[in-house]
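Chains as they are written, first to last, in my numbering: chain A, 6 to 121; chain B, 142 to 254. Notes for the one structure printed next.
The following block contains the structure:
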């Protein structure tokens, strides 16, 4: 069974540009989460999808971030326009219906975003 | 104040030593406790999972939760160089709508041959 995959693995963009990150969860996992780790800080929650619906987006930093999950399969996270403080590693995680309620989440390898 | 505190280390021990990693937390609603292991340039991998208070053992790894003290620990026995990684504690509230994990900063561990 394939794990959570993320694309690209690394992205370098200039301040003001737009970047779109993609996450493919494990097949059958209705729950999809986005997290972010900025340099020297802990991994922080951004938002949670149940199928195509946003269940919790309390961690989204501002309206420059837009997450979508059309059809309840893969998800994209767009940053527009990117700022220097958006640099970090963006992780995606997924969880099946039976384990989501108890906190069991499987993480992808992350996308390293560098804004210059 | 952070909800979860974890000493970032780095921690360096000789092969075969017992390693103790710890986290403290402030939110009484945390009910699910996890330890993740993260190798360099990889995503976090779930290592141990504990519900509420108590101990859980899996091979060389033991996870302990003391909810009265708001303190969790991970012990690694007979440590191996392959255990060298960053160890992250993570917690989740019992509230149904709050599925987000709250992480500690992670402790970087090196096991020296």
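Just so you know, even glycine gets a beta-carbon here, dropped at the ideal spot from N, CA and C.
Handout entry: Exposed unless 16 or more other CB atoms sit within 10 angstroms - verdict on residue 11 of chain A
Key = buried
Exercise for the section: Go ahead and pull the three-state DSSP assignment for residue 165 of chain B. Expected result: strand
Practice task
Classify residue 23 of chain A as helix, strand or coil using the three-state DSSP reduction.
Solution key: coil
Exercise for the section: Answer with yes or no whether the minimum CB distance from residue 47 of chain A to chain B is below 9 Å. Expected result: yes
Problem - Own chain partners of residue 195 of chain B with C-beta closer than 8 Å, once the 5 adjacent residues on each side are dropped - result: 205 and 206
Practice task
With 9 Å as the threshold, decide whether the Cβ of residue 189 of chain B is near any Cβ in chain A.
Solution key: no
Problem - Contact list for residue 85 of chain A against chain B, beta-carbon separation under 8 Å - result: Result: empty, since nearest Cβ-Cβ is about 24 Å, beyond 8 Å.
Exercise for the section: Compute the distance between the beta-carbons of residue 52 of chain A and residue 59 of chain A, then report whether it is under 9 Å. Expected result: yes
Practice task
Kindly identify the DSSP beta-bridge partner or partners of residue 249 of chain B.
Solution key: B/227
Problem - Beta carbon proximity, residue 160 of chain B to chain A, threshold 9 Å - result: no
Practice task
Report buried or exposed for residue 76 of chain A, applying the criterion of at least 16 other Cβ atoms within 10 angstroms of its Cβ.
Solution key: exposed
Exercise for the section: Scan the segment 168-245 of chain B and note each continuous beta strand (DSSP E) run of 3 residues or more that stays entirely inside, going in chain order. Expected result: 171-179, 186-192, 195-199, 202-207, 212-217 and 226-234
Practice task
Quick one: which residues of the segment 171-205 of chain B get their C-beta closer than 9 Å to a C-beta of chain A? List them in chain order.
Solution key: 172, 173, 174, 175, 177, 179, 182, 183, 184, 185, 186, 187, 190 and 192
Exercise for the section: Tell me whether residue 75 of chain A sits in a helix, a strand or coil according to DSSP, three-state version. Expected result: helix
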